[in-house]
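Enquirer: Following the UniProt record's numbering, the numbering of the sequence shown begins with 1 at its first residue and continues without gaps. Pasting a structure here, questions to come.
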Amino acid sequence: MNPDIHDMAADILRAASDSRRYVVALAGPPGAGKSFLSELLCRRLNDCEPGVAEVVPMDGYHFDNALLEPRGLLPVKGAPETFDIDGLAQDLRRIRRGDRAVAVPVFDRPLDLARAGGRLIDPAHRIVIVEGNYLLLDRPRWSELRPLFDTTILIEVSDEVLEARLIQRWLALGQDRAGALERTHHKDMHNARLVKQHSVAPDIRWR
């Protein structure tokens, strides 16, 4: 399925019409375009109903490098075990209640760190789009997130397109060609295969 962004927004608005808080999971492998599509969808929802939607990026729940390095996890940063899954789950439960503002962290990619309290989810944001690689991962603890979502979307992109995007991303962040290839093929694409092969079936597949 390759839905039009306008149709997707209209469908979500209809589904959320009687909800105080409606949570959408937008999952996909690294380089799939989750950040771009979630922001695009959020803008479209807010065009239809000003102030109705906001985005929670899962990348904000990266453990800090100061925690990863002594545990030997810095080389695999971006793998499931390098995220604060419990912190994400707790924030999602608070967000679902919809009774007060919830501050969530956001990830600063150029600086390679999460900024605490970087975004505020207000009660007025009836629709919250959560975007991230492992939201639908069929693994312990990650699978416990599924009941916190009202609808789930999985972005599907070919490996060839992912590789090209990821290499360009690393080059733009200052890596040389060899470093970009190393990080793409031995880290990002490993995580992409994990997402593709071990995510539960979503409500919508967005190709």
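For glycine and all other residues, C-beta sits at the position ideal for the given N, C-alpha and C. Here the structure is a predicted model, which is why all the values come from computation and not from measurement.
My output table needs one value for A124: the three-state DSSP class, helix, strand or coil.
Expert: As a first step, residue 124 is located in the sequence shown; it is residue number 124 there, counting from the start. Reduced to three states, the DSSP call for A124 is coil.
Enquirer: With DSSP as the reference, please indicate the residues paired to V56 in a beta bridge.
Expert: As a position in the sequence shown, residue 56 is number 56, starting the count at 1. Note: V56 sits in a beta bridge opposite V130.
Enquirer: Give me whichever residues DSSP pairs with K77 in a beta bridge.
Expert: On the sequence shown, residue 77 is found 77 positions in, with the first residue counted as 1. Answer is A79.
Enquirer: From I85 to R141, what distance separates their C-alpha atoms?
Expert: What you label residue 85 is simply residue 85 of the sequence shown in a count that begins at 1. What you label residue 141 is simply residue 141 of the sequence shown in a count that begins at 1. Taking the straight line joining both Cα atoms gives about 7 Å.
Enquirer: Are the CB atoms of E156 and M189 nearer to each other than 8 Å?
Expert: Walking along the sequence shown from the start, residue 156 turns up at place 156. Walking along the sequence shown from the start, residue 189 turns up at place 189. No; because the gap between Cβ atoms is not below 8 Å, this pair is not in contact.
Enquirer: On the CB-based measure, 16 or more other CB atoms within 10 Å of its CB, does G60 come out buried or exposed?
Expert: For the purposes of this step, residue 60 is taken as the residue at position 60 of the sequence shown. Label assigned to G60: buried.
Enquirer: Is the beta carbon of L41 closer than 8 Å to that of A9?
Expert: Within the sequence shown, numbered from 1, the residue matching residue 9 stands at position 9. Within the sequence shown, numbered from 1, the residue matching residue 41 stands at position 41. Yes, they are a contact pair.
Enquirer: Look up V200 in the DSSP assignment and say whether it is helix, strand or coil.
Expert: The residue labelled residue 200 in the question sits at position 200 within the sequence shown. Correct three-state label for V200: coil.
Enquirer: Could you name the residues of the same chain whose beta carbon sits closer than 8 Å to that of A66, not counting the 5 residues immediately before and after it, in chain order?
Expert: The residue you call residue 66 lines up with position 66 of the sequence shown. Excluding sequence neighbours, A66 sits near nothing in its chain.
Enquirer: Taking D99 as part of the alpha helix (DSSP H), name the residues at either end of that continuous run.
Expert: Position 99 of the sequence shown holds residue 99. Run containing D99: none; DSSP gives neither H nor E here.
Enquirer: Do L171 and P110 come within 8 Å of each other at the CB atom, strictly closer than that value?
Expert: Sequence index remark: in the sequence shown, residue 110 carries index 110 (1-based). Sequence index remark: in the sequence shown, residue 171 carries index 171 (1-based). In this structure, L171 does not lie closer than 8 Å to P110 by Cβ.
Enquirer: What residue range is occupied by the uninterrupted alpha helix (DSSP H) comprising A180?
Expert: Locating residue 180 in the sequence shown gives position 180, counting from the first residue. First-last of the alpha helix (DSSP H) with A180: 177-183.
Enquirer: Taking the straight line between their C-alpha atoms, what separation do you get for G98 and K187?
Expert: Translated into the one-based positions of the sequence shown, residue 98 becomes position 98. Translated into the one-based positions of the sequence shown, residue 187 becomes position 187. In a straight line, the C-alpha of G98 is about 37 Å away from that of K187.
Enquirer: Candidates F149, N191, V195: which alpha carbon is nearest S19's?
Expert: By one-based count along the sequence shown, residue 19 stands at place 19. That would be F149, whose Cα lies nearest to the Cα of S19.
Enquirer: Pull up the distance between the alpha-carbon of N46 and that of L74, whole angstroms please.
Expert: As a first step, residue 46 is located in the sequence shown; it is residue number 46 there, counting from the start. As a first step, residue 74 is located in the sequence shown; it is residue number 74 there, counting from the start. About 37 Å.
Enquirer: For A192, which residues in the same chain have their Cβ closer than 6 Å to its Cβ, ignoring the five residues on either side in sequence?
Expert: One-based indexing of the sequence shown puts residue 192 at position 192. Only P29, P30, L162 meet the Cβ criterion.
Enquirer: So what's D47 in DSSP terms, helix, strand or just coil?
Expert: Within the sequence shown, numbered from 1, the residue matching residue 47 stands at position 47. Helix, per DSSP.
Enquirer: Can you tell me where the beta strand (DSSP E) with residue 212 in it begins and where it stops?
Expert: Outside the displayed span of the chain (1 to 207) sits residue 212, for which this structure offers no information.
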